[in-house]
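Colleague:
2 protein chains.
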Amino acid sequence: MPAAFADRFVRCARRLGHPLCVGIDPHLTEIPRTFRSGAMEHGDPETAAAVERWCFALLDRVTGRVAAVKPQSACFEALGPAGAAVLARVLAEARARGLLVVLDAKRGDIGSTAEAYAAAYLRKGAPFACDALTVNAYLGLDTLEPFVAAAAESGGGVFVVLRSSNPGARDLQDLPAPSRPLYQGLAAALAAKGPLLRGPETEWSGLGVVVGATWPEESRHVRELLPRSLFLVPGYGAQGAGARDAVAGFVRGPDGRLEGGLVASSRAIGFPEPGREADAAGWERAVDRALDAAIADLTSAIG
Amino acid sequence: MPAAFADRFVRCARRLGHPLCVGIDPHLTEIPRTFRSGAMEHGDPETAAAVERWCFALLDRVTGRVAAVKPQSACFEALGPAGAAVLARVLAEARARGLLVVLDAKRGDIGSTAEAYAAAYLRKGAPFACDALTVNAYLGLDTLEPFVAAAAESGGGVFVVLRSSNPGARDLQDLPAPSRPLYQGLAAALAAKGPLLRGPETEWSGLGVVVGATWPEESRHVRELLPRSLFLVPGYGAQGAGARDAVAGFVRGPDGRLEGGLVASSRAIGFPEPGREADAAGWERAVDRALDAAIADLTSAIG
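Heads up: the protein sequence lines correspond to chains H and F, in order. Per this note's numbering: the first sequence = residues 1 to 303. Per this note's numbering: the second sequence = residues 304 to 606.
(1) Sort 322(F), 305(F), 309(F) by Cα distance to residue 606(F) and report the nearest one.
(2) Quick one: grab the DSSP three-state call for residue 522(F).
(3) For residue 464(F), which residues of its own chain have a beta-carbon under 8 Å away from its beta-carbon, when the five flanking residues on both sides are left out?
(4) Residue 437(F) lies in the beta strand (DSSP E); which residues open and close that run?
(5) List, from N- to C-terminal side, the beta strand (DSSP E) runs of 3 residues or more that fit wholly inside the segment 134-190 of chain H.
(6) For residue 104(H), which residues does DSSP report across the bridge?
(7) Could you compute how far the alpha carbon of residue 348(F) sits from the alpha carbon of residue 276(H)?
(8) Run through the segment 492-573 of chain F for me and flag every whole alpha helix (DSSP H) of 4 or more residues, listed as ranges in chain order.
(9) For residue 24(H), list the residues DSSP reports as bridge partners.
(10) Does residue 291(H) get closer than 7 Å to chain F when you measure Cβ to Cβ?
(11) Could you give the C-beta distance for residue 325(F) and residue 365(F), rounded to a whole number, given that I count them as a contact under 8 Å?
(12) On a Cα-Cα basis, can you pick out the residue from 24(H), 298(H), 199(H), 8(H) that is closest to residue 213(H)?
(13) Tell me the rounded alpha-carbon separation between residue 472(F) and residue 538(F).
(14) Show which residues of chain H have a CB atom less than 9 Å away from the CB atom of residue 434(F).
(15) Taking the Cβ atom as the reference point for each residue, do residue 404(F) and residue 369(F) lie within a distance shorter than 7 Å?
(16) Counting Cβ pairs, one atom from each stretch, are 3 or more of them under 8 Å apart for the segment 21-39 of chain H and the segment 379-393 of chain F?
(17) Quick one, which residues of the segment 259-290 of chain H are near chain F if we go by CB-CB under 8 Å, in chain order?
(18) Name the two residues that bound the continuous alpha helix (DSSP H) containing residue 84(H).
(19) How is residue 597(F) classed by DSSP in three states: helix, strand or coil?
(20) Since residue 378(F) meets chain H, which of its residues come closer than 7 Å, beta carbon to beta carbon?
(21) Can you find a CB in chain H that lies within less than 7 Å of the CB of residue 480(F)?
(22) What is the residue span of the alpha helix (DSSP H) that residue 431(F) lies within?
(23) DSSP three-state label for residue 355(F), please.
(24) Mind listing which residues of the segment 182-200 of chain H have their C-beta closer than 8 Å to chain F's C-betas, in chain order?
(25) If contact is defined by three or more beta carbon pairs under 8 Å, each pair taking one atom from either stretch, is the segment 1-11 of chain H in contact with the segment 186-203 of chain H?
(26) Taking 7 Å as the threshold (beta carbon to beta carbon), is residue 539(F) in contact with chain H?
(27) Check the C-beta distance from residue 541(F) over to residue 569(F) and give it rounded, since I have them as a contact under 8 Å.
(28) Could you give the residue range of the alpha helix (DSSP H) that holds residue 338(F)?
(29) For the segment 138-151 of chain H, which residues have a CB atom closer than 8 Å to at least one CB atom of chain F, in sequence order?
(30) Buried or exposed: which applies to residue 179(H), given that a residue is buried once 16 or more other Cβ atoms fall within 10 Å of its Cβ?
(31) According to DSSP, is residue 368(F) part of a helix, a strand, or is it coil?
(32) Enumerate in chain order the residues of its own chain whose CB-to-CB distance from residue 118(H) is below 6 Å, with the five nearest sequence positions on each side excluded.
(33) I want to verify the contact list: residues of chain H whose CB lies under 8 Å from the CB of residue 319(F), in sequence order.
(34) For residue 574(F), collect the residues of the same chain with a Cβ closer than 6 Å to its Cβ; drop the 5 residues on either side in sequence, then sort them by chain order.
(35) Take residue 518(F) and list the residues in its own chain whose beta-carbon comes closer than 6 Å to its own, dropping the five residues that flank it on each side.
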């Protein structure tokens, strides 16, 4: 069995000196011209091939520079069955390159249905095997169990959406559950489950939570409730949150730097110059510049 | 544009005289021997072919007898890329036979990601086109907008998970949001959005909600808050709830019978004699008997 997800991620992030996780979100309208072919419409197989070229080119840029990538399942599902095949190949290629893969799919359902999702993504030999999966707990804490059990068996991680990065996060997540907002109530309930999926080396827990970079104050509250849960932090970069906000819920590690999560950036890396046409080499240079900038920004924020 | 989902469903359910919706949940361990081939393991293409034969055989049994079917996305995802191809063919075949298809996928995410899910399932020309989709609103009401917009354009429906059928439904959904439990708060917020996706003929709304048959009292509360929203009711049959509980949130229609939702049954129909080996003809007879029983049960409950 591979080491626990939390140990694998934290070890690599410490070595690299930053927590950047590059999102792989192939929105069709944003794929640069140098990769485009076919109708660039959902359901067209040639379009799926174009998406695959962009994904692999992005993997080329980030391999060795970040600990993890985060493919967005929705973008592949929109391509139909051909997109599922591309997703499987992208997941396998990323893992073969030593990148940790967090599949952003926000899955969640009850009983045997949750078992089927765990079989799809987390169980050993899963057809879409990834290192960690984002899940939605609205249906109840019992619905997390199949995901956690599969992750425990395969050395995987699970990120429960707690505080999303959008303005509408307030609608349900801020409703005052007994003495505090719902998202804090959910955090407390996760804390009560004890140290699940904990990495023996770093003592971080791979039963993590999604907390948007757009909510730094909320991130600190969540950290108090979940002192050793890894955070997956969306909303950094394109959605407007800065590096300091993104690491607001991080804590000092043994090397004195802030740690405790993955900071995800998608568009700012993969589509660095939207609307400006560039050839493949130009796109590569732009991605490398965007990657350099995000890494420098985050390295400074955790220092 | 096709008529509104709510009108299409209610019209057909009135004609058939019952609200049964048959779930298509191909859990591998339960597929009867007569359909099995290959390893019957996730990721094996021969297994996907076996699942497809079972799905099509089930469509043969239910066509003309129920208004809608509800494929469970998780079971197809667990089969890998081959499962995505099977799902696309099952969706297309069901719709070609005049069945309404509610894809149970519990999707939900923010902004452009929700747009990608809507493009995958609800938008005109979607590669996995279905008539309605189940969604999860924990991330906020703004996350529902792309789904509702796509459904409005294509004559589709959207079912928001409000009250799931599992025991853990209590964990978050019962937390006391201001003056009432969270699921009622969510229902009230949906009510405040007004009559979205309303069918002009029946005046039912295709922005529906998922309310488990295992919670009849809660169903009545939700009906007070959402008087014209269609309910999608899981948990009838195999999960232990009876027909009267399943229609607890229904109201009298113009013909004097209870209406206002779809009552879903999966295992009890598709796997009617678990563990007992039968040839194809025996399985067909058992499915027909289970279907007759569920239809008679529900017809009586709404009378």
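Ideal placement from N, C-alpha and C gives every residue a C-beta, glycine not left out. It should be emphasised that the depicted structure is a prediction, and the values quoted were computed from it without experimental measurement.
Modeller: The relevant details are as follows:
(1) One-based indexing of the second sequence puts residue 606(F) at position 303. Closest by alpha carbon: 322(F).
(2) Locating residue 522(F) in the second sequence gives position 219, counting from the first residue. Looking at residue 522(F) - three-state DSSP - the assignment turns out to be helix.
(3) Taking the second sequence and counting its residues from 1, one reaches residue 464(F) at position 161. Excluding sequence neighbours, residue 464(F) sits near 409, 437, 438, 439, 440, 512, 513.
(4) Mapped onto the second sequence, residue 437(F) falls at position 134. Residue 437(F) -> beta strand (DSSP E) spans 435-438.
(5) 157-163
(6) The count along the first sequence starts at 1 and reaches residue 104(H) at position 104. In the DSSP output, where bridge partners are listed per residue, residue 104(H) has 72(H).
(7) Here the question's residue 348(F) lines up with position 45 in the second sequence. Here the question's residue 276(H) lines up with position 276 in the first sequence. Rounded to whole angstroms, residue 348(F) to residue 276(H) spans 42 Å at the Cα level.
(8) 519-528, 546-549, 570-573
(9) Working through the first sequence from its first residue, we reach residue 24(H) at position 24. Paired residues: 71(H).
(10) The residue given as residue 291(H) occupies position 291 in the first sequence. Output row for residue 291(H): interface = no.
(11) Here residue 325(F) refers to the residue found at position 22 when the second sequence is read from its first residue. Here residue 365(F) refers to the residue found at position 62 when the second sequence is read from its first residue. Confirmed, about 5 Å.
(12) Translated into positions along the first sequence, residue 213(H) becomes position 213. Answer by Cα proximity: 298(H).
(13) Start at 1 with the first residue of the second sequence, and residue 472(F) comes out as number 169. Start at 1 with the first residue of the second sequence, and residue 538(F) comes out as number 235. Their backbone Cα atoms lie some 12 Å apart in a straight line.
(14) Here residue 434(F) is taken as the residue at index 131 of the second sequence, counted from 1. What residue 434(F) touches in chain H: nothing, since even the nearest Cβ is about 17 Å away.
(15) Position 101 of the second sequence, counting from 1, holds the residue named residue 404(F). Position 66 of the second sequence, counting from 1, holds the residue named residue 369(F). No, they are not a contact pair.
(16) no
(17) none
(18) The residue you call residue 84(H) lines up with position 84 of the first sequence. That run of the alpha helix (DSSP H) goes 81-96.
(19) Along the second sequence, read from residue 1 onward, the residue named residue 597(F) stands at position 294. If DSSP states are grouped into helix, strand and coil, residue 597(F) belongs with the helices.
(20) Translated into the one-based positions of the second sequence, residue 378(F) becomes position 75. Under the 7 Å cutoff, chain H gives 116.
(21) Numbered from its first residue, the second sequence carries residue 480(F) at position 177. Answer yes: the Cβ-Cβ gap between residue 480(F) and chain H drops below 7 Å somewhere.
(22) Mapped onto the second sequence, residue 431(F) falls at position 128. Taken as a continuous stretch (DSSP letters only), residue 431(F) belongs to no alpha helix (DSSP H), as it is neither H nor E.
(23) What you label residue 355(F) is simply residue 52 of the second sequence in a count that begins at 1. Here residue 355(F) sits in helix by DSSP.
(24) 182, 185, 186, 189
(25) yes
(26) The sequence position of residue 539(F) within the second sequence is 236, counting from 1. So no, residue 539(F) is outside the interface.
(27) By 1-based counting over the second sequence, the position of residue 541(F) is 238. By 1-based counting over the second sequence, the position of residue 569(F) is 266. Confirmed, Cβ separation roughly 7 Å.
(28) What you label residue 338(F) is simply residue 35 of the second sequence in a count that begins at 1. Here residue 338(F) belongs to no alpha helix (DSSP H), and DSSP marks it neither H nor E.
(29) 138, 139, 140, 141, 142, 143
(30) Taking the first sequence and counting its residues from 1, one reaches residue 179(H) at position 179. Counting Cβ neighbours within 10 Å, residue 179(H) comes out exposed, since fewer than 16 surround it.
(31) To locate residue 368(F), count along the second sequence from 1; it is residue 65. Correct three-state label for residue 368(F): coil.
(32) Here residue 118(H) refers to the residue found at position 118 of the first sequence. Answer for residue 118(H): 146, 147, 150, listed in chain order.
(33) Position 16 of the second sequence, counting from 1, holds the residue named residue 319(F). In chain order: nothing, as chain H lies at least about 27 Å away.
(34) Numbered from its first residue, the second sequence carries residue 574(F) at position 271. Here the set comprises 333.
(35) Residue mapping note: residue 518(F) aligns to position 215 of the second sequence, counting from 1. Same-chain partners within the cutoff: 466.
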